[in-house]
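Residue numbers (the numbering used here), protein chains in the order written: chain D, 8 to 299; chain B, 8 to 299. All remarks here apply to the structure that follows.
2 protein chains.
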Amino acid sequence: MSDRVGFIGLGVMGCPMALHLQRAGHTLNVYARRAEAMQPLVDAGAAACASPAEVASRSDTVFTMATTGADVEQVVFGANGIVESARPGLTVIDTSTIAPAIARRIASRLEAKGVAFLDAPASGGGIAATNATLTIMVGGSEDAFASAEPLLRCFGKTVTHIGGSGDGQVAKAATQLAIVLTLQGIAEALTLARANDVDPQRVLEALLGGSAYSRMLELMGPRMVSGDFQPGVEARLHHKDALIVLECAADAGIAVPGAAVAAQSFNALMARGGGRLDSAALITVVEGMRHG
Amino acid sequence: MSDRVGFIGLGVMGCPMALHLQRAGHTLNVYARRAEAMQPLVDAGAAACASPAEVASRSDTVFTMATTGADVEQVVFGANGIVESARPGLTVIDTSTIAPAIARRIASRLEAKGVAFLDAPASGGGIAATNATLTIMVGGSEDAFASAEPLLRCFGKTVTHIGGSGDGQVAKAATQLAIVLTLQGIAEALTLARANDVDPQRVLEALLGGSAYSRMLELMGPRMVSGDFQPGVEARLHHKDALIVLECAADAGIAVPGAAVAAQSFNALMARGGGRLDSAALITVVEGMRHG
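Here's what the structure looks like:
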């Protein structure tokens with residue numbers, strides 16, 4: 008079992024995830040483009056590295072947490088990327104949410120060099136990362152999963168091996184699909200109440216007490232009612248995920264008309280400059296389609 | 008406080024609701040179009056009546072539970088309807104899910120005859136009716152609500168006074184909007200998994216453990232995965248409710264594009280003869296838009 012763990016990408020998600028690994032007794036090698044992002048880890052005893060390649064050279068397992076598929080490919084295959092330290096026995100675990108097709112491409116390029124790859128996207132946002140209650144959906148080989156599971160459980164509460172390469176990302180896309188459509192539904196429901204001069208707070212309470220209950224309703228409903236759009240999960244991230252869902256559906260040859268509506272709402276929220284607001288701001292788009 | 012309680016409409020919802028009132032010590036006067044539907048209540052001590060008018064003449068509070076707005080209007084204003092026994096002091100409580108505009112119309116016609124009216128749609132389906140765990144959203148005057156609340160609590164776990172006449176139905180429409188869109192999202196998410204050859208059962212488990220959790224996911228997700236479409240809640244009822252949502256949105260001057268997609272899916276399910284199946288059969292519509 009490996010104790011030499013690397014972590015690349017130390018933002019809202021990556022920083023607390025890396026700290027949980029550190030606290031579990033692993034000595035971390037870390038890298039982030041912004042040097043100051045490494046400081047909390049260095050303070051906790053981690054070694055700051057100059058590049059992803061250096062992280063990989065000093066580690067047996069390297070985690071990555073980035074925003075887009077292009078970011079992940081840059082970290083792995085770009086200048087001073089992980090691939091420069093590629094060797095049999097190295098395992099790369101990407102916890103970003105990216106398109107399944109990109110994850111599969113990264114996996115096959117790394118496996119050609121003897122490097123194991125797991126796609127292990129994390130659901131739950133910054134709060135769950137801080138509380139080590141993330142939901143992790145993993146794609147890749149049984150062996151690689153079995154080795155990685157104890158590390159993943161340092162920050163994940165629900166850790167599920169879904170299937171082969173890319174299947175973790177498919178499961179994450181399915182999750183995000185359900186989430187963005189639930190958000191669209193809550194926004195429309197509360198707007199329907201307001202447009203009828205019915206107190207949305209009372210409607211929210213009735214919804215929470217019945218069959219309409221969802222975790223998103225509990226988390227986002229109060230923000231939609233109060234108009235408090237401090238993030239939370241920034242809308243630009245759900246927007247990115249909604250576009251991954253549409254891409255994944257097109258690749259697989261299925262129609263997802265509900266997800267398409269939610270994606271359009273997030274497009275509109277981005278267009279009006281709401282990308283850095285909490286995703287609860289989606290209600291402003293639905294409200295914007297109201298009379299008067 | 009009144010003990011003379013009537014109940015009209017003794018189907019999957021009405022029968023258990025009436026039995027809870029009977030068990031709470033109220034002597035019921037009941038009516039149903041199909042005489043055999045009254046038998047369980049008569050066995051429990053209720054008096055079978057020949058018409059809604061007779062129920063109303065023998066009761067101080069009359070509950071109605073029907074399917075459509077037209078059904079409720081027939082029971083109230085049709086031949087031998089409640090209105091024939093109209094008198095000050097009588098209260099009518101409609102627990103059906105109908106359009107807010109129809110509920111408001113019934114209320115104003117009854118109030119002109121001194122009869123109080125509450126719209127009190129019940130959410131949760133037959134199981135919640137049986138377990139007395141319904142969510143009841145009430146529209147009407149404070150006084151009428153205060154008098155009716157003890158009766159409503161005989162079968163309702165969450166009983167909320169939303170606002171004036173019709174506002175209970177607005178809250179119910181908001182609930183159904185959130186529910187049908189959540190169902191559409193679950194159907195699309197599981198279809199996305201299948202179309203990628205990913206085990207939908209594992210994806211369902213990952214979804215249940217994270218931010219995508221909803222009561223509908225817990226209830227309907229397993230049915231969608233297994234293809235067991237024994238009702239449960241018949242799709243024709245969610246279809247009816249989806250159409251109420253669209254009507255209510257059009258009346259209020261708002262756009263609900265997500266709800267419109269879900270309504271189209273239910274239209275398609277009805278078109279293929281699935282109205283008496285469980286609403287989980289919605290996934291067959293989404294699957295039907297898949298390649299191959």
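Even for Gly, the Cβ is constructed at its ideal location relative to N, Cα and C.
How is residue i classed by DSSP in three states: helix, strand or coil?
i, result
"D/K247", "helix"
"B/D78", "helix"
"B/G192", "helix"
"B/S115", "helix"
"B/N87", "coil"
"B/V49", "helix"
"D/L28", "helix"
"D/V187", "helix"
"B/M20", "coil"
"B/A93", "coil"
"B/G280", "coil"
"B/G175", "helix"
"B/A270", "helix"
"B/A44", "helix"
"B/A73", "coil"
Counting along the chain, where does the beta strand (DSSP E) carrying residue i start and finish?
i, result
"D/V12", "11-15"
"B/H168", "163-170"
Can you name the start and end residues of the alpha helix (DSSP H) that residue i belongs to?
i, result
"B/V99", "Where B/V99 is concerned, there is no enclosing alpha helix (DSSP H), although the beta strand (DSSP E) it sits in stretches over 98-101."
"D/V293", "289-294"
"B/V122", "Premise fails: B/V122 is in no alpha helix (DSSP H) and is neither H nor E."
"B/S154", "149-159"
Label residue i either buried or exposed according to how many other C-beta atoms from any shown protein chain fall within 10 Å of its C-beta, with 16 as the threshold for buried.
i, result
"D/Q208", "exposed"
"D/P95", "exposed"
"B/Q176", "buried"
"B/Q191", "buried"
"B/V205", "buried"
"D/Q29", "buried"
"B/V79", "buried"
"B/L201", "Leu is not the amino acid found at residue 201 of chain B; the sequence shown has Arg there. By the neighbour-count rule (16 or more Cβ atoms within 10 Å), B/R201 is buried."
"B/M8", "Caution is warranted here: a pLDDT of 46 is assigned to B/M8, below 50, making its placement in the model unreliable, and the coordinate value is therefore given only provisionally. B/M8 comes out exposed."
"B/S233", "exposed"
"D/K120", "exposed"
"D/V263", "buried"
"D/T10", "In the sequence as presented, Thr is not what sits at residue 10 of chain D; that position holds Asp. With fewer than 16 other Cβ atoms within 10 Å, it is exposed."
"B/G280", "exposed"
"D/P23", "buried"
"D/R283", "exposed"
"B/P157", "exposed"
"D/D5", "Any property of residue 5 of chain D remains undetermined from this structure, which presents chain D solely from 8 to 299."
"D/A278", "exposed"
"D/A77", "exposed"
"B/Q183", "buried"
In the DSSP assignment, what are the bridge partners of residue i?
i, result
"D/S130", "D/T142"
"D/T104", "DSSP lists no partner for D/T104."
"B/D285", "B/E241"
"B/N36", "B/G13, B/A54"
"B/T300", "Beyond the ends of chain B as shown, which are 8 and 299, falls residue 300 of chain B; an answer cannot be given."
Residue i versus chain C: which residues are under 7 Å apart at the beta carbon?
i, result
"B/M223", "As a matter of chain content, chain C is missing from the structure shown, whose protein chains are D and B."
Those runs of the alpha helix (DSSP H) which lie wholly inside the stretch 199-268 of chain D and span at least 4 residues: 207-215, 222-233, 242-259
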